[in-house]
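Below you'll find the structure, written out as structure tokens, and then a few comments.
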Amino acid sequence: LFSWYGDLKNFVQVIRPMYGKLLPLSVRYILPIQMLNNAKTRLEKYGIFESLYEVDENYKIYQIARKSYKALYEKLGENNYFFGSSPTTLDAIVYGYLALHLYPELPNPMLSVILKREYSRLSQFCDRMRSSQILQTPLKILPTFSLPSLFTGFLLSRRTWFIDRYWKPVESDKSKVEKSSAQIEFERKRTIAICGAIIFMTVYVIWNGIITIEVVDDSKKEDTDDQQADDAENDEDFDD
Numbered sequence: 001l002f003s004w005y006g007d008l009k010n011f012v013q014v015i016r017p018m019y020g021k022l023l024p025l026s027v028r029y030i031l032p033i034q035m036l037n038n039a040k041t042r043l044e045k046y047g048i049f050e051s052l053y054e055v056d057e058n059y060k061i062y063q064i065a066r067k068s069y070k071a072l073y074e075k076l077g078e079n080n081y082f083f084g085s086s087p088t089t090l091d092a093i094v095y096g097y098l099a100l101h102l103y104p105e106l107p108n109p110m111l112s113v114i115l116k117r118e119y120s121r122l123s124q125f126c127d128r129m130r131s132s133q134i135l136q137t138p139l140k141i142l143p144t145f146s147l148p149s150l151f152t153g154f155l156l157s158r159r160t161w162f163i164d165r166y167w168k169p170v171e172s173d174k175s176k177v178e179k180s181s182a183q184i185e186f187e188r189k190r191t192i193a194i195c196g197a198i199i200f201m202t203v204y205v206i207w208n209g210i211i212t213i214e215v216v217d218d219s220k221k222e223d224t225d226d227q228q229a230d231d232a233e234n235d236e237d238f239d240d
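This is the structure in structure tokens:
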């Protein structure tokens, strides 16, 4: 947590640009800062109240990391894995945490340096897990669906939504796949979210005076036109 967000050199040069490439434009410049602020809040319990640009290897957060590494180091011992010769759930969990310390290429890779230099067996354990058959087995990736939201449903998927609903050719009844109740409920919530976003933005714009609607009474307009015509005739008589 500190290595990614508390060390400003790592955050500015690597972490924030990485999120910038992965996130959509609407949250690209907001979400990384929110994550940085959340990380600062979580780090306060360790007595760290500010982010630093230059961090010494003896900084207190690294001493806390060393204590955790030492406990894992002693538990692993001379074994290849924590409970013998084959990996278990604990090995997978430990690897998931340590891999984030060991492998990312950061300007200040202090945690990686500590692991390789002071706790080499943990580093070797991560390499062993990384090359194991378990992690090499391809995972079946299930299709994802965007969760309905007041704004993101309209901002991020408006083009797809309108194309699918209005422009996509209608398939024959035979080729249609019957939708499940979950899909129907999801589409209903998404439609409600999009309509709600449009109504909210319209009311907000009008309420704050960003756009004003002026109503002109036709009878008053005619009276004004007649008055202007009379004034013009009077001016001509005066000139004569």
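When the letters of the sequence shown are read in order and numbered with UniProt numbering, they come out as residues 1 to 240.
Even glycine gets a Cβ: it sits at the ideal position worked out from N, Cα and C.
For residue i, count neighbouring Cβ atoms within 10 angstroms of its own Cβ and tell me buried if that reaches 16, exposed if not.
i           : result
Met-129     : buried
Ile-199     : exposed
residue 313 : With the chain running from 1 to 240 in the structure shown, residue 313 is simply not present.
Trp-4       : buried
Phe-2       : buried
Pro-17      : exposed
Arg-190     : buried
Pro-87      : buried
residue 318 : Beyond the ends of the chain as shown, which are 1 and 240, falls residue 318; an answer cannot be given.
Ser-123     : buried
Ser-112     : buried
Leu-22      : exposed
Met-110     : buried
Leu-76      : buried
Ile-184     : exposed
Ile-194     : buried
Val-170     : With a pLDDT of only 49 at Val-170, under the threshold of 50, the placement of this residue in the model should not be trusted, and no figure is reported.
Ile-206     : exposed
Suppose contacts are defined by Cβ-Cβ distances below 9 Å. Is residue i in contact with residue j by that definition?
i       : j       : result
Leu-31  : Phe-11  : no
Ile-114 : Tyr-59  : no
Lys-116 : Leu-106 : no
Ala-99  : Cys-126 : yes
Arg-28  : Tyr-73  : no
Tyr-46  : Ile-33  : no
Leu-43  : Ile-61  : yes
Arg-188 : Glu-118 : no
Quickly, what does DSSP pair residue i with across the bridge? List them, please.
i      : result
Tyr-97 : None; Tyr-97 has no bridge partner.
Gly-84 : Tyr-81
Which whole-angstrom value is the C-beta distance of residue i and residue j, which I expect to be below 8 Å?
i       : j      : result
Asn-108 : Lys-9  : 5 Å
Phe-82  : Val-94 : 7 Å
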